[in-house]
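Here the structure is laid out as structure tokens; the discussion comes afterwards.
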Amino acid sequence: GAAKFQGAALKPARIDMSSDPNCANAHPTPATTEDVVIGADNGLANVIIYVSDGLGDRTFEPPQQPAVIEQKGCQYKPHVLALQANQKLDVVNSDATTHNIHPMPNNNREWNKTQPHGMPVEETFPREEIAIPVKCNVHPWMRGYIAVFKNPYFVVTDKDGNFDLKDLPPGTYTIKAWHEKLGTQTQKITVGANETKTLEFVFKSGS
1 GAAKFQGAAL
11 KPARIDMSSD
21 PNCANAHPTP
31 ATTEDVVIGA
41 DNGLANVIIY
51 VSDGLGDRTF
61 EPPQQPAVIE
71 QKGCQYKPHV
81 LALQANQKLD
91 VVNSDATTHN
101 IHPMPNNNRE
111 WNKTQPHGMP
121 VEETFPREEI
131 AIPVKCNVHP
141 WMRGYIAVFK
151 NPYFVVTDKD
161 GNFDLKDLPP
171 GTYTIKAWHE
181 KLGTQTQKIT
191 VGANETKTLE
201 FVFKSGS
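Just so we're aligned, residue 1 is where the sequence shown starts under the numbering used here, counting upward by one.
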């Protein structure tokens, strides 16, 4: 499926990183905000697509593979990260400066860790929460989101708004699409065994 943006394109704002030359020097052209990223064919990046209802009381073990959020060029990569509850989160600082990663959850424990270059940080979130704002107390322009799910049926749209929600068991599901600025949309879908369906979520400026 795909998430699309409809309306007058929202221009990303330039970020002033002059307060930390290590950050400014990492960008040959000025860095810009990532709260609304529109790609080819008006595709909308950084939309979280997930199953909100239809799985019943099934439980799922978290993946062994950790999720990774990287601080690079004094921005979070990816800007929006989704992972499973109790899946390990590795926070990587690839910058030649100290960061301070500070998620601000409502449903999980808040933490706030200073991270010099090269120092590993590992954390987990035990409870579902969509979505947790993340900031850096050193660099106030650094903003991102972490979404935590109790099932593995979630995905974040790519730079052109595309997504592939794989391996859903046959059934009827409520699928939600969340965007940090443009809100949440909901669709119902029924999939059979080995069946593929196509979904499109259209977000409008001001919706």
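Don't be surprised by glycine CBs; every beta carbon is placed ideally from N, CA and C. No experiment lies behind these values; they were computed from the predicted model shown.
8 angstroms Cβ cutoff met for residue i and residue j
{"i": "glycine 43", "j": "asparagine 151", "result": "no"}
{"i": "isoleucine 101", "j": "valine 80", "result": "no"}
{"i": "asparagine 22", "j": "aspartate 95", "result": "yes"}
{"i": "isoleucine 209", "j": "phenylalanine 154", "result": "Residue coverage of the chain in this structure runs from 1 to 207, which leaves residue 209 outside it and unanswerable."}
{"i": "proline 262", "j": "alanine 85", "result": "There is simply no residue 262 to check, as the chain begins at 1 and stops at 207 in what is shown."}
{"i": "asparagine 93", "j": "glutamine 115", "result": "yes"}
Sheet register partners of residue i (DSSP bridge)
{"i": "valine 92", "result": "Glu70"}
{"i": "glutamine 84", "result": "Phe149"}
{"i": "proline 133", "result": "Tyr145"}
{"i": "lysine 113", "result": "Ile101"}
Nearest residue (CA-CA) to residue i, options the options
{"i": "proline 133", "options": "Pro103, Phe154, Ser52", "result": "Pro103"}
{"i": "tryptophan 178", "options": "Asn25, Thr157, Pro140, Asp167", "result": "Thr157"}
{"i": "alanine 3", "options": "Leu182, Ala131, Tyr145, Cys74", "result": "Leu182"}
{"i": "glycine 118", "options": "Ala131, Thr186, Thr98, Asn112", "result": "Thr98"}
{"i": "isoleucine 130", "options": "Gln71, Ala31, Phe5, Val47", "result": "Val47"}
{"i": "glycine 212", "options": "Asn194, Gln187, Gly192", "result": "An answer regarding residue 212 cannot be provided, because it is not within the stretch 1 to 207 covered by the chain."}
{"i": "lysine 204", "options": "Val36, Met17, Pro105, His27", "result": "Val36"}
{"i": "histidine 27", "options": "Ser52, Ile15, Val91", "result": "Ile15"}
{"i": "glycine 144", "options": "Gln6, Thr33, Ser18", "result": "Thr33"}
Endpoints, the alpha helix (DSSP H) within which residue i is located
{"i": "alanine 24", "result": "21-24"}
Start and end residues, beta strand (DSSP E) containing residue i
{"i": "asparagine 100", "result": "99-103"}
{"i": "glutamine 187", "result": "183-191"}
{"i": "valine 156", "result": "154-156"}
message = Within 8 angstroms, do at least three Cβ pairs link the stretch 6-20 to the stretch 48-59?
response = no
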